[in-house]
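Residue numbers (our numbering): -11 to 326.
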Amino acid sequence: MLVVMHSHATPQQIEQALEAIRRMNLTPHPMPGATRTAIGITGNVGAVDPRTLEVLPGVMELVRVTKPYKLASREMHEADTYIHLPQTSIGPQTFTLIAGPCSVENEEMILRTAEFLVGHGVRLMRAGAYKPRSSPYAFQGMGREGLDILARVRRRTGIGIVTELMDTDNADAVEEVADVIQIGTRNMQNFSLLRRVSRARKPVLLKRGMSATLEEWLMAAEYVMSGGNYQVFLCERGVRTFSDHSRNTLDLSVIPPVKKLSHLPILVDPSHGTGKRDYVPPMALASLAAGADGLLIEVHPDPDHALSDGAQSLNFAAFESLLDSLKRLAEPLARTIN
């Protein structure tokens, strides 16, 4: 259910509506807009009796929401969502680049990469202090030491940090360092973890599960938003199919349906989506053309000696070439690379 207030509704009338919803043992989600405030309602297992709410002063109308992902749906929130960070904003009018190595390996490499990215106008760096790996014998990341390195590099360069949270035990430490908390594909339906980041004060980058449908993906976003964290954006990173010519099948066809059904920004990760660095630039350009709001790209100063995912990482020269191509394509599409 969505309660739409009149444009002239007073703050007191809005608060009265919020209290009425709470008295019904439901959860209100106020969504101020340019001309009026709407209040989303969650927590009901059946239909909400509209009579209690429609007679309140300041209420213009009640709208039933049919989608199971209510807060993530355009039915409840028609306007596009923008994620505002100290370094940049993520949303439809721009095309945001998040780049960096798969994992934190040492401070010299992270600092070198951060300085390179900042010098090319990239304001957000991805790097994992904790790494979920298919093999228990593969490099698992540096943990707390890796977070300390990211914090020091952030202070020195000003670059924003995007890093993955794998479990609730390390949530406080990751939240303290990260500008954006990443939930990886293997944890898209880790509901305990989603509930924890729903209470976080930082935006959440939610990667699509490798076998997830669009509805399951948006329902995972709903978990985060239902807890009060509305700063969620999505990341398509490829799904599992029978194809073996790439690491995953990068599903760019999901971008238009996401844009139609949800107001949340969507980024694309062509590095994990293809698994091969030669395929990353063309799929990155295709992502921009398809309407994505940005990219998550693996960049490493020496990919051939990377401790994880070197085969899909671009070196600095390849990233510079891709950046030039993206800028040329962005101009006729009226998009701004940031």
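Backbone N, C-alpha and C define an ideal beta-carbon position, used for all residues, glycine too.
Find the nearest neighbour of R62 within the set R316, G28 and L153, judged by alpha-carbon distance. Sequence index remark: in the sequence shown, residue 62 carries index 74 (1-based). Comparing Cα positions, the closest option is G28.
In the DSSP assignment, find the beta strand (DSSP E) that holds M19 and state where it starts and stops. Translated into the one-based positions of the sequence shown, residue 19 becomes position 31. T15 to P20 is the extent of the beta strand (DSSP E) around M19.
Does DSSP classify E66 as helix, strand or coil? In the sequence shown, the residue the question calls residue 66 occupies position 78. Here E66 sits in coil by DSSP.
Tell me whether G148 sits in a helix, a strand or coil according to DSSP, three-state version. For the purposes of this step, residue 148 is identified with residue 160 of the sequence shown, where counting begins at 1. If DSSP states are grouped into helix, strand and coil, G148 belongs with the strands.
Contact belief for G261 with L238 at Cβ below 8 Å, rounded distance in angstroms: Here residue 261 refers to the residue found at position 273 when the sequence shown is read from its first residue. Here residue 238 refers to the residue found at position 250 when the sequence shown is read from its first residue. Contact flag correct, Cβ pair sits at about 3 Å.
Length of the line joining the Cα atoms of W205 and M176: Numbered from its first residue, the sequence shown carries residue 205 at position 217. Numbered from its first residue, the sequence shown carries residue 176 at position 188. Computed Cα separation, rounded: 7 Å.
Rounded straight-line distance, which links the Cα of S186 to that of T40: Taking the sequence shown and counting its residues from 1, the one referred to as residue 40 is at position 52. Taking the sequence shown and counting its residues from 1, the one referred to as residue 186 is at position 198. If I take the Cα positions, the gap works out to 29 Å.
So A306 and F83 are in contact, right, with Cβ under 8 Å, and what is the actual spacing, rounded? Taking the sequence shown and counting its residues from 1, the one referred to as residue 306 is at position 318. Taking the sequence shown and counting its residues from 1, the one referred to as residue 83 is at position 95. No, A306 and F83 are not in contact; Cβ-Cβ is about 18 Å, not under 8 Å.
Is DSSP giving L310 helix, strand or coil here? Position 322 of the sequence shown, counted from the first residue, corresponds to residue 310. DSSP places L310 in helix when its eight states are reduced to three.
Report the partner residues of E286 according to the DSSP bridge assignment. Residue 286 sits at position 298 when you count from the first residue of the sequence shown. Its beta-bridge partners are G88.
So what does DSSP say about F179, is it helix, strand or coil? Numbered from 1 along the sequence shown, position 191 holds the residue referred to as residue 179. The answer is helix: DSSP assigns F179 an H, G or I state.
The alpha helix (DSSP H) that contains L50, what's its start and end? In the sequence shown, counting from the first residue as 1, residue 50 sits at position 62. Taken as a continuous stretch (DSSP letters only), L50 belongs to no alpha helix (DSSP H), being part of the beta strand (DSSP E) at V47 to V51.
According to DSSP, is K248 helix, strand or coil? Here residue 248 refers to the residue found at position 260 of the sequence shown. K248 falls in the helix class under three-state DSSP.
I'd like the list of long-range same chain contacts for G148, defined as Cβ closer than 8 Å, with 5 residues on each side in sequence excluded. For the purposes of this step, residue 148 is taken as residue 160 along the sequence shown, with counting starting at 1. Cβ within range, chain order: L73, P74, Q75, T76, R111, L112, M113, R142, D167 and V168.
Terminal residues of the alpha helix (DSSP H) in which E210 lies: Counting from 1 along the sequence shown, the entry for residue 210 is found at position 222. Looking at the DSSP string, the run of the alpha helix (DSSP H) that includes E210 is L202 to S214.
So, does the region 14 to 26 touch the region -8 to 5, judging by three or more C-beta pairs under 8 Å? yes
Within the continuous alpha helix (DSSP H) that includes L101, where are the two ends? As a first step, residue 101 is located in the sequence shown; it is residue number 113 there, counting from the start. The displayed chain sequence assigns Thr, not Leu, to residue 101. Element bounds for T101: E95 to G107.
Using DSSP with H/G/I as helix, E/B as strand and the rest coil, what is T156? Locating residue 156 in the sequence shown gives position 168, where the first residue counts as 1. Looking at T156 - three-state DSSP - the assignment turns out to be helix.
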